[in-house]
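Residue numbers (this note's numbering): 6 to 309. Glycine included, every Cβ here is placed at the ideal spot set by N, Cα and C. Owing to the predicted nature of the structure, the values given are computational and were not obtained by experimental measurement.
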């Protein structure tokens, strides 16, 4: 890696490998993912060789450790519940004799602490640390870590519910005007539609750091989204922007849809607030936890 562009490309590629690993870890076990894990670690080792304190790498390695713990729990507890996103609390603690699980939880907590040493405002790292401590049965420490995640993202419903479960206390709902904190700016674009009555969705979600990339993604998928969308407002077609120190901006895109004389649909971008992200755009390849949901950099297909 001889330039900034090389480093950015390496982060993007490694982030794509990590996203695949994370999604597979929802259902697979550790042994099935060993080759993928080795490839991801090698990719991030190459980045650390030229950027030892790279926050993106530290964040992603935290998520890798949490994903490995997630896969381990599939082997121990089954795949009927997502052990990461289960709202109330991890469905079961690690057994006292589950040394592998406890070692993985310790590694996850350590990786999160490493990330927080570099960027103390990483709510993703706080949440990952909380999960590891929760599974180890360290209830007070887990509650404190969830509290930090919730302080940075007051709309993280999973963190809020787990704090309530751990502390036996009811927390108030955050006011709508309350902002979230993240050290970088980013755009979140969602173009999905409901499938049936189960709440399942199809479509795409993008986490991006450049307004032009947002426009390109929308223009490329708009016809497909319109072809599958219905009259329900539960179908999502919108872009939201986080700007450090400003908060969340944006909203639905459907009101900006126009048609040419030939009947081709397009977005009137003059009607869409899409602020720039200078001076702190999200580094390419870095995932975020925002409004209580994990998003990977780039495009994510939803096909539930």
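Beta-carbon separation (whole angstroms), residue i vs residue j, contact threshold 8 Å
i, j, result
"residue 244", "residue 279", "7 Å"
"residue 68", "residue 292", "6 Å"
"residue 197", "residue 241", "5 Å"
"residue 185", "residue 107", "Rounded, the Cβ-Cβ distance is 33 Å, inconsistent with contact."
"residue 300", "residue 212", "4 Å"
"residue 191", "residue 71", "About 21 Å separates the two Cβ atoms, so there is no contact after all."
Which of helix, strand or coil DSSP assigns to residue i
i, result
"residue 269", "coil"
"residue 308", "strand"
"residue 32", "coil"
"residue 126", "coil"
"residue 248", "strand"
"residue 241", "strand"
"residue 20", "helix"
"residue 106", "helix"
"residue 169", "helix"
"residue 13", "helix"
"residue 142", "coil"
"residue 257", "strand"
Which listed residue (the options) has its alpha carbon closest to that of residue i
i, options, result
"residue 207", "117, 214 and 234", "234"
"residue 209", "116, 282 and 303", "303"
"residue 61", "100, 22, 120 and 35", "120"
"residue 143", "54, 190, 99 and 130", "99"
"residue 133", "118, 225 and 181", "118"
"residue 173", "197, 154, 148 and 156", "148"
"residue 249", "217, 228, 286 and 229", "286"
"residue 157", "300, 299 and 294", "294"
"residue 24", "57, 165 and 73", "73"
"residue 11", "307, 290 and 301", "290"
"residue 128", "164, 106, 109 and 101", "164"
"residue 32", "13, 79 and 70", "79"
Beta-carbon gap between residue i and residue j smaller than 8 Å
i, j, result
"residue 159", "residue 193", "no"
"residue 273", "residue 259", "no"
"residue 48", "residue 19", "yes"
"residue 288", "residue 16", "yes"
"residue 89", "residue 75", "yes"
"residue 138", "residue 122", "no"
"residue 116", "residue 135", "no"
"residue 59", "residue 52", "yes"
"residue 270", "residue 227", "yes"
"residue 105", "residue 77", "yes"
"residue 110", "residue 141", "yes"
Exercise. Could you give the uninterrupted runs of the beta strand (DSSP E) lying entirely in the stretch 186 to 219, keeping only those of 3 residues or more?
Worked result: Fully enclosed beta strand (DSSP E) runs of 3 or longer: 191 to 200 and 205 to 213.
For this session: Within the stretch 55 to 91, note down every full alpha helix (DSSP H) run reaching 4 residues or more, in order along the chain.
Result: Segments of the alpha helix (DSSP H) lying fully in the stretch 55 to 91: 60 to 82.
For this session: Would you list, in sequence order, the uninterrupted beta strand (DSSP E) runs of no fewer than 3 residues that lie entirely inside the stretch 268 to 303?
Result: Taken in chain order, the complete beta strand (DSSP E) segments of 3 residues or longer contained in the stretch 268 to 303 are 270 to 272, 293 to 295 and 298 to 300.
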